[in-house]
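Just add 6 to wherever you are in the sequence shown, counting from 1, and you've got the working numbering.
In this text, a Cβ means the ideal position worked out from N, Cα and C, and glycines have one as well.
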Amino acid sequence: GGSLSAHKQTVGEPYILDIGYCDEGEEITVNLDCSNIETTDTYAEVYAYTVDNDVLSKGYEKLKNASLNVEKHSDTKIIGTIEVEENSVLYSSIPYDSGWTILIDGEKAETFEIGETMLATTIKPGKHTIEYRYAPKGFALGIIISAASIAGICGYIVLMKRKEKAKFIRESNVTETFIP
């Protein structure tokens, strides 16, 4: 029962429309009004999905029981512990970026993407300390270039001071007569 109408969506953008809870066997009608579109090349792809709440709840409970207990965090680091009962995939809501490193019990783990977006790695059964570290791509090279630049500038300043001192000594080396 009930209706959902007058929902407008811009053409060309994917959209998920929650039609709410429906009883088994209930018929749903979707009307697409394309009368305001100024082209003859109109089409729509409509997909309908349902959620099995029992399966969703079981999955949630399984995930909840093996979640990371965060102990410390900063802008570039997250440290926590986790207990895993079986070989699993450890994933997070952190967007995948090659700058992230995951350490499991101090050992670097191979990272990969889940769903082409989220950071993940594999993990073996047991209690583990997990550390996520982030350093932007090129960060180490940037530090090396910056340090070399600072060293070069300091070297140049020292060289210029020495030249200035040598010039001063040369110019002041005029024959002086000391009269007591």
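Could you say which of the options lies nearest to residue i if we only look at CA atoms?
i, options, result
"residue 60", "126, 68 and 26", "68"
"residue 27", "20, 40, 148 and 55", "55"
"residue 86", "117, 155, 95 and 139", "139"
"residue 77", "137, 176, 42 and 23", "137"
"residue 130", "117, 155, 92 and 103", "92"
What's the gap between the Cα of residue i and the Cα of residue j?
i, j, result
"residue 65", "residue 97", "14 Å"
"residue 34", "residue 44", "28 Å"
"residue 112", "residue 70", "24 Å"
"residue 135", "residue 105", "20 Å"
"residue 25", "residue 153", "58 Å"
"residue 132", "residue 21", "41 Å"
"residue 101", "residue 171", "57 Å"
"residue 94", "residue 29", "35 Å"
"residue 7", "residue 119", "Residue placement at residue 7 is flagged as unreliable, the pLDDT there being 49, under the threshold of 50; the coordinate-derived value follows with that caveat. Spanning the two alpha carbons is a distance of roughly 41 Å."
"residue 177", "residue 158", "28 Å"
"residue 169", "residue 160", "14 Å"
"residue 32", "residue 128", "42 Å"
"residue 23", "residue 148", "46 Å"
"residue 99", "residue 40", "37 Å"
"residue 103", "residue 151", "23 Å"
"residue 117", "residue 107", "7 Å"
"residue 42", "residue 36", "17 Å"
Comparing the CB of residue i with every heavy atom of the ligand MN, is any distance shorter than 8 Å?
i, result
"residue 177", "With respect to the ligand MN, the structure shown offers nothing to examine, as it has no ligands at all."
Is the beta carbon of residue i less than 9 Å from the beta carbon of residue j?
i, j, result
"residue 109", "residue 88", "no"
"residue 38", "residue 57", "no"
"residue 115", "residue 90", "no"
Touching by the beta-carbon criterion (3+ pairs, under 8 Å), the region 114–126 and the region 71–82: no
Any 3 or more C-beta pairs closer than 8 Å across the region 140–150 and the region 162–173: no
Secondary structure, alpha helix (DSSP H): runs of 4+ residues fully inside the region 95–133: none
Entirely enclosed beta strand (DSSP E) segments - the region 55–90, minimum 3 residues: 75–79 and 83–90
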